[in-house]
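To keep things clear, I will list the structure first and then write my remarks on it.
There are 2 protein chains.
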Amino acid sequence: MRVYGMAASGNCYKVQLVLAHLGREHAWIETDSTAGATRTPAFLALNPNGKVPLLERDDGRVLAESNAILCYLADGSPLLPADAWQRALALQWMFFEQYSHEPYVAVARFIRRWLPADHARHADLPRLIERGTQALDVMEGHLAQHAFFAGEAYSVADIALFAYTHVAAEGGFDLVRYPAITAWFDRVRTQPGFVPMQA
Amino acid sequence: MRVYGMAASGNCYKVQLVLAHLGREHAWIETDSTAGATRTPAFLALNPNGKVPLLERDDGRVLAESNAILCYLADGSPLLPADAWQRALALQWMFFEQYSHEPYVAVARFIRRWLPADHARHADLPRLIERGTQALDVMEGHLAQHAFFAGEAYSVADIALFAYTHVAAEGGFDLVRYPAITAWFDRVRTQPGFVPMQA
Numbered sequence: 005m006r007v008y009g010m011a012a013s014g015n016c017y018k019v020q021l022v023l024a025h026l027g028r029e030h031a032w033i034e035t036d037s038t039a040g041a042t043r044t045p046a047f048l049a050l051n052p053n054g055k056v057p058l059l060e061r062d063d064g065r066v067l068a069e070s071n072a073i074l075c076y077l078a079d080g081s082p083l084l085p086a087d088a089w090q091r092a093l094a095l096q097w098m099f100f101e102q103y104s105h106e107p108y109v110a111v112a113r114f115i116r117r118w119l120p121a122d123h124a125r126h127a128d129l130p131r132l133i134e135r136g137t138q139a140l141d142v143m144e145g146h147l148a149q150h151a152f153f154a155g156e157a158y159s160v161a162d163i164a165l166f167a168y169t170h171v172a173a174e175g176g177f178d179l180v181r182y183p184a185i186t187a188w189f190d191r192v193r194t195q196p197g198f199v200p201m202q203a
Numbered sequence: 005m006r007v008y009g010m011a012a013s014g015n016c017y018k019v020q021l022v023l024a025h026l027g028r029e030h031a032w033i034e035t036d037s038t039a040g041a042t043r044t045p046a047f048l049a050l051n052p053n054g055k056v057p058l059l060e061r062d063d064g065r066v067l068a069e070s071n072a073i074l075c076y077l078a079d080g081s082p083l084l085p086a087d088a089w090q091r092a093l094a095l096q097w098m099f100f101e102q103y104s105h106e107p108y109v110a111v112a113r114f115i116r117r118w119l120p121a122d123h124a125r126h127a128d129l130p131r132l133i134e135r136g137t138q139a140l141d142v143m144e145g146h147l148a149q150h151a152f153f154a155g156e157a158y159s160v161a162d163i164a165l166f167a168y169t170h171v172a173a174e175g176g177f178d179l180v181r182y183p184a185i186t187a188w189f190d191r192v193r194t195q196p197g198f199v200p201m202q203a
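So the sequences go chain by chain: A and B.
Taking this note's numbering, the leading residue of the first sequence gets 5, the next gets one more, and so forth.
Taking this note's numbering, the leading residue of the second sequence gets 5, the next gets one more, and so forth.
Okay, here's the thing in structure tokens:
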């Protein structure tokens with residue numbers, strides 16, 4: 005299988021992390037969305053929504069959306085809970101990640117790391133920090149009482165939330181305020197097969 | 005089971021629609037997020053992220069995030085594909101809906117329908133229309149070749165995308181440009197157990 009992705013993207017790192025945990029062979033095709041590589045006619049023919057990561061199976065079928073890729077690859081492994089309620093909770097946290105977390109925590113990092121200091125989008129940062137802080141507060145509240153997000157075992161929900169949270173400082177978030185989150189970082193990093201982000 | 009929701013919200017309508025298709029009894033607790041009802045201490049104790057819809061089981065367990073609720077309720081029914089690849093495609097479209105569609109198509113409708121005409125957020129509308137149009141274009145391209153979103157059968161992915169797309173005109177989107185989407189509306193409306201949005 006082939007994975008189109010940009011190594012410095014948290015959404016793409018999620019796929020690297022689940023593949024490493026599962027020990028699955030794959031070809032990585034570095035695809036720099038900041039340089040327009042996801043907007044070429046060839047890439048848009050694969051994913052009309054023009055985003056990475058994108059999974060391409062050996063039979064040519066393609067799957068987009070990082071969290072859908074996580075669920076597909078982890079299906080049948082302990083990383084996707086077999087219990088219906090635990091699986092529902094994993095999905096709850098993955099939709100939380102894409103709707104209430106990534107658009108603030110990841111976008112603040114993108115602006116600070118990739119855009120020039122005089123770019124107009126720096127004006128968005130106060131609102132992004134406010135909303136991202138709300139998401140981190142929700143995570144902290146959960147992790148103060150639970151070891152992981154879906155029940156008490158490491159799952160795709162942890163992978164989805166770890167990806168951008170562990171680099172949130174690059175977006176201007178102060179993680180010292182979040183002892184339960186930083187303790188959870190350590191639990192994630194000691195999972196068998198863990199690989200760090202290449203960014 | 006109890007569902008906390010606001011009838012005029014597309015995210016909440018998704019849950020009404022899947023419950024109607026499945027013929028599941030439930031109590032609906034109207035919860036007006038535009039009047040602060042999702043930010044009370046009592047509601048935040050149920051869902052610290054302060055959003056509806058929220059599912060509360062008879063045993064008191066709660067589940068947030070509309071698309072996670074859809075998957076949980078539809079699990080074991082034809083609305084959630086049993087085939088792993090079809091299920092992955094359903095999830096792909098549901099994450100697309102929450103990340104690339106709802107923040108534009110639903111938010112444009114919210115601004116035009118609920119905020120006063122002189123509210124500062126009306127300035128966001130051109131960008132929301134541009135991004136929402138990109139999402140509708142992706143949907144149109146898919147529906148020009150497929151009857152439904154995950155394979156060839158009606159599923160939770162169609163429910164998730166129908167909710168805000170069928171009222172996109174309220175946000176200022178011109179649906180006449182999308183013949184494949186409007187033909188799909190008709191296929192959705194003729195599914196057994198379909199109920200219209202109460203808004």
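For each residue, glycine too, the CB sits at the ideal point set by N, CA and C.
In this text, all values refer to a predicted model and were calculated from it rather than measured experimentally.
P107/A: contacting residues in chain B (beta-carbon distance under 9 Å) | The sequence position of residue 107/A within the first sequence is 103, counting from 1. Within chain B, Y103, P107 have C-beta atoms less than 9 Å from the C-beta of P107/A, given in sequence order.
Presumed contact (8 Å Cβ cut-off) between N71/B and A164/B, rounded CB distance = Within the second sequence, residue 71/B is the residue found at index 67, counting from 1. Within the second sequence, residue 164/B is the residue found at index 160, counting from 1. The C-beta distance from N71/B to A164/B rounds to 5 Å, short enough to meet the 8 Å contact threshold.
Excluding the five sequence neighbours on either side, which residues of its own chain have a C-beta within less than 8 Å of the C-beta of I33/B, listed in chain order?
-> Here residue 33/B refers to the residue found at position 29 when the second sequence is read from its first residue. Cβ contact annotation for I33/B (same chain, cutoff 8 Å, sequence separation greater than five): R6, V7, Y8, G9, in chain order.
For the region 78 to 89 of chain A, enumerate the residues whose C-beta is nearer than 9 Å to any C-beta of chain B, in chain order.
-> The region 78 to 89 of chain A vs chain B, Cβ under 9 Å: D79, G80, A88, W89.
Assigned exposure category for L95/B - 16 Cβ within 10 Å defines buried | Along the second sequence, read from residue 1 onward, the residue named residue 95/B stands at position 91. Buried, since its Cβ has 16 or more Cβ neighbours within 10 Å.
Option in F166/B, P120/B, R113/B, A172/B with minimal Cα separation from R191/B = Here residue 191/B refers to the residue found at position 187 of the second sequence. With distances taken between Cα atoms, R191/B lies closest to F166/B.
Would you please verify whether the beta carbon of F153/A is less than 8 Å from any beta carbon of chain B?
-> Taking the first residue of the first sequence as 1, we reach residue 153/A at position 149. Chain B, which has no Cβ nearer than 8 Å to the Cβ of F153/A, makes this no.
Would you kindly check if the distance between the Cβ of N53/B and the Cβ of S104/A is under 8 Å?
-> To locate residue 104/A, count along the first sequence from 1; it is residue 100. To locate residue 53/B, count along the second sequence from 1; it is residue 49. Going by beta carbons, S104/A and N53/B fall inside the 8 Å limit.
Can A78/B and V19/B be called in contact, C-beta distance under 8 Å?
-> The sequence position of residue 78/B within the second sequence is 74, counting from 1. The sequence position of residue 19/B within the second sequence is 15, counting from 1. No, the Cβ-Cβ distance between A78/B and V19/B is not below 8 Å.
Thinking just about the alpha-carbon of each residue, which of R113/A, Q102/A, L140/A, P196/A is nearest to the one in G27/A?
-> Numbered from 1 along the first sequence, position 23 holds the residue referred to as residue 27/A. Answer by Cα proximity: P196/A.
Where do the ends of the beta strand (DSSP E) carrying G9/B lie?
-> As a working note, residue 9/B is residue 5 in the second sequence. 6 to 9 is the extent of the beta strand (DSSP E) around G9/B.
Jot down the residue ranges of each uninterrupted alpha helix (DSSP H) in the region 53 to 84 of chain B, minimum 4 residues, whole runs only, in chain order.
-> Secondary structure in the region 53 to 84 of chain B: the alpha helix (DSSP H) runs of 4 residues or longer, each lying completely within the stretch, are 70 to 78 in chain order.
Mind checking if P52/A is an interface residue toward chain B, Cβ cutoff 8 Å exclusive?
-> Within the first sequence, the letter at position 48 stands for residue 52/A. Yes, P52/A counts as interfacial toward chain B.
Candidates H25/B, P200/B, H146/B, M201/B: which alpha carbon is nearest Y182/B's?
-> Within the second sequence, numbered from 1, the residue matching residue 182/B stands at position 178. For the set H25/B, P200/B, H146/B, M201/B, the Cα lying nearest the Cα of Y182/B is the one of H146/B.
According to DSSP, is D86/B helix, strand or coil?
-> Numbered from its first residue, the second sequence carries residue 86/B at position 82. What sits at residue 86/B in the sequence shown is Ala, not Asp. Looking at A86/B - three-state DSSP - the assignment turns out to be coil, as it is neither helix nor strand.
Inter-residue CB distance, H137/A and F177/A (contact presumed, cutoff 8 Å) = Position 133 of the first sequence holds residue 137/A. Position 173 of the first sequence holds residue 177/A. One point to set straight first is that residue 137/A is Thr, not His, in the sequence displayed. Sure, about 7 Å apart at Cβ, within 8 Å.
Note down the Cα distance separating L58/B from V66/B, rounded to an integer number of angstroms.
-> One-based indexing of the second sequence puts residue 58/B at position 54. One-based indexing of the second sequence puts residue 66/B at position 62. When rounded, the distance between both Cα atoms is 7 Å.
So is L168/A in contact with chain B if we call contact Cβ pairs under 8 Å?
-> Start at 1 with the first residue of the first sequence, and residue 168/A comes out as number 164. Position check: residue 168/A holds Tyr in this sequence, whereas Leu was assumed. Chain B, which has no Cβ nearer than 8 Å to the Cβ of Y168/A, makes this no.
Roughly how many angstroms lie between the CA atoms of E174/A and D62/B, to the nearest whole one?
-> On the first sequence, residue 174/A is found 170 positions in, with the first residue counted as 1. On the second sequence, residue 62/B is found 58 positions in, with the first residue counted as 1. If you take the alpha carbons of E174/A and D62/B, they lie about 43 Å apart.
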